[in-house]
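Asker: Numbered continuously in the UniProt record's numbering, the sequence shown closes out at residue 393. Cβ coordinates follow ideal geometry from the N, Cα and C atoms, glycine included.
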Amino acid sequence: MSDLDAFRAEVRGWLEANCPAEMREPIREEGDVCWGGRNWVFKNDAQKQWLEVCAAKGYTVPDWPKAYGGAGLTPEQTKIFKQEMKRIHARSPLDSFGIWMLGPALLQFGTEEQKVQYLNPIARGEIRWCQGYSEPGSGSDLVSLQTFGEDKGDHWVVNGSKIWTSYADQADWIFCLVRTDKANKYQGITFMLFDMASKGVTTKPILLISGNSPFCETFFDDVEVRKTQYVGEINRGWDVAKYLLGHEREMISGGGAGGDMVSIGGAFAKAFGKNAAGELDDPILRAEMAAFDVDVFAYRAMGERFMDMWKTGRAHPASSNMMKYVGTELNKRRHELVMSGGGSEALEWDSEETKGGARARGWLRTKANSIEGGTSEVMLNVIAKRILDLPGA
1 MSDLDAFRAE VRGWLEANCP AEMREPIREE GDVCWGGRNW VFKNDAQKQW LEVCAAKGYT
61 VPDWPKAYGG AGLTPEQTKI FKQEMKRIHA RSPLDSFGIW MLGPALLQFG TEEQKVQYLN
121 PIARGEIRWC QGYSEPGSGS DLVSLQTFGE DKGDHWVVNG SKIWTSYADQ ADWIFCLVRT
181 DKANKYQGIT FMLFDMASKG VTTKPILLIS GNSPFCETFF DDVEVRKTQY VGEINRGWDV
241 AKYLLGHERE MISGGGAGGD MVSIGGAFAK AFGKNAAGEL DDPILRAEMA AFDVDVFAYR
301 AMGERFMDMW KTGRAHPASS NMMKYVGTEL NKRRHELVMS GGGSEALEWD SEETKGGARA
361 RGWLRTKANS IEGGTSEVML NVIAKRILDL PGA
């Protein structure tokens, strides 16, 4: 038996012994997803137990070094771990912007003290983070942001606002882009970290067409941020921000793969009936779903190749833009098909039978996929210039 085969057997045995049955069931509502943080209320004992055993083993962030709360797995071992999680349909023990975005940036740019201070609590689910990038007048053009930090010697005093700050009203801390030099557009931004409970920080939820939303407006009024709470170099936060955006786009692109759903056509055949051949009993919709399934399988294969190359440093720097764009479009197509397959029932908005119009609300929510993390138009421009080497206009 090879070392990787032995590792697979070890992981399989550990998962069977430690993953509660409730954590192998499909996610049905928002509370089924564990975000952690100092105000998090666990839905049940199984959710709490699953987070605790995974955090103790380093399995909330399996590829992070052990010193920072991870398991220290190699890329090959991490891939096996994820395969074994998927095999038993295990839920993620912890969803976190700290894991998906801030953590990789700290590993790349943080000091040793910052890594120890922030990464371990992230891995244990003790701090929930939000992202302060976009502003009312600075969305995709982040270098035009106006939130300003005035230098007061040992601290900055930050004033300004952010928009589309996902879960800001539930987050403990924020990683935030703040202008610290008004004379230099590109090199005058600092990447800061500060507590959302700081005096002067307020949030206001933004209601979307889906009837709910994770997005908020976030306001800073004379917020004091110590000079120790920045990552990278002062006035060089754009370097950190660009690196983090690659990981954010990788995270958003994951929606295109569809999680554990093997085939959207197969799922609808069970729900809406089959013909004599055991197929979805609607030839036109069946053909559209088959074409979609083929594209998803191709996307998953491309995603595996991208992740392997990314972790070994061989991926094109703009590959995450391509993954984000394709994943966004696939997720939108998936929900369009869900609406088509659901018929008139999918248009219902309030009943218990439709779980409060979950299909319609989910479909509407996907419209934001083409905006968050960089608009689809920006992604296409980056792909054209940096991957295809097409000339500019």
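When you compare only the Cα positions, how much space is there between Lys-182 and Asp-151?
Answerer: Cα to Cα, Lys-182 sits roughly 12 Å from Asp-151.
Asker: Going residue by residue through the region 313-393, where are the continuous alpha helix (DSSP H) segments of at least 4 residues, counting only ones entirely within it?
Answerer: Those alpha helix (DSSP H) runs which fall completely within the region 313-393 and span 4+ residues are 319-342, 358-365, 376-382.
Asker: Closer than 6 Å by C-beta to Val-158: which residues in its own chain qualify, once you throw out the five before and the five after it? Chain order, please.
Answerer: Excluding positions up to five away in sequence, the list reads Gly-149, Val-178, Phe-220, Val-223, Val-225.
Asker: Which residue wins for smallest C-alpha separation from Trp-238, given the options Pro-136, Tyr-299, Phe-42, Gln-187?
Answerer: Comparing Cα positions, the closest option is Gln-187.
Asker: Got a sec, what are the start and stop residues for the alpha helix (DSSP H) Asn-120 sits in?
Answerer: Note, Asn-120: alpha helix (DSSP H), 120-123.
Asker: At 3 residues or longer, what runs of the beta strand (DSSP E) sit wholly inside the region 90-141?
Answerer: 129-132, all fully within the region 90-141.
Asker: Quick check on Asp-5: buried or exposed, where buried means 16 or more other Cβ atoms within 10 Å of its Cβ?
Answerer: The residue in question, Asp-5, is exposed, as its Cβ has fewer than 16 Cβ neighbours within 10 Å.
Asker: When DSSP builds the beta bridges, which residues end up paired with Pro-20?
Answerer: Bridge partners of Pro-20: none, in fact.
Asker: Excluding sequence positions up to five away, which residues of its chain have a Cβ less than 8 Å from the Cβ of residue 396?
Answerer: Residue 396 is absent from the structure shown; the chain starts at 1 and stops at 393.
Asker: Compare the C-alpha of Arg-365 against each of Ser-344, Glu-353, Met-339 and name the closest.
Answerer: That would be Met-339, whose Cα lies nearest to the Cα of Arg-365.
Asker: Alpha carbon to alpha carbon, how far is Gly-357 from Asn-212?
Answerer: Those two C-alpha atoms are separated by around 12 Å.
Asker: Taking just the CA atoms, how far does Phe-191 sit from Ala-241?
Answerer: Going from the Cα of Ala-241 to the Cα of Phe-191 covers about 7 Å.
Asker: Using the DSSP secondary-structure output, state which residues sit across from Thr-218 in a beta bridge.
Answerer: Its beta-bridge partners are Lys-162, Thr-203.
Asker: In three-state DSSP terms, what is Met-192?
Answerer: Here Met-192 sits in strand by DSSP.
Asker: Should the region 125-134 be called in touch with the region 159-166, which here means at least 3 C-beta pairs below 8 Å?
Answerer: Enough Cβ pairs lie closer than 8 Å, so yes.
Asker: Does DSSP classify Trp-14 as helix, strand or coil?
Answerer: Three-state result, Trp-14: helix.
Asker: Tell me, to the nearest whole angstrom, how far the beta carbon of Ile-371 is from that of Met-322; I am working on the premise that it is less than 8 Å.
Answerer: Between Met-322 and Ile-371 the Cβ distance is about 17 Å, and since that is not below 8 Å, they are no contact.
Asker: With a 10 Å radius around its C-beta and 16 neighbouring C-beta atoms as the bar for buried, classify Gln-229 as buried or exposed.
Answerer: Burial call: buried.
Asker: Report the partner residues of Asp-169 according to the DSSP bridge assignment.
Answerer: Answer by DSSP bridge pairing: none, since Asp-169 is not bridged.
Asker: Can you give the beta carbon distance from Ile-99 to Ile-80, rounded, assuming they're within the 8 Å contact cut?
Answerer: About 19 Å; that fails the 8 Å criterion.
Asker: Which class does Tyr-230 belong to by DSSP, given the choice of helix, strand or coil?
Answerer: Tyr-230: strand per DSSP, three-state reduction.
Asker: Taking the DSSP output, what are the residues bridged to Trp-156?
Answerer: Paired residue(s): Asp-151, Val-225.
Asker: Can you confirm whether Met-101, when its beta carbon is compared against all beta carbons of chain C, has any partner nearer than 8 Å?
Answerer: This model lacks chain C altogether, as it is built from one protein chain only.
Asker: For the alpha helix (DSSP H) that contains Val-294, what are its first and last residues?
Answerer: Run containing Val-294: 283-311, per the alpha helix (DSSP H) assignment.
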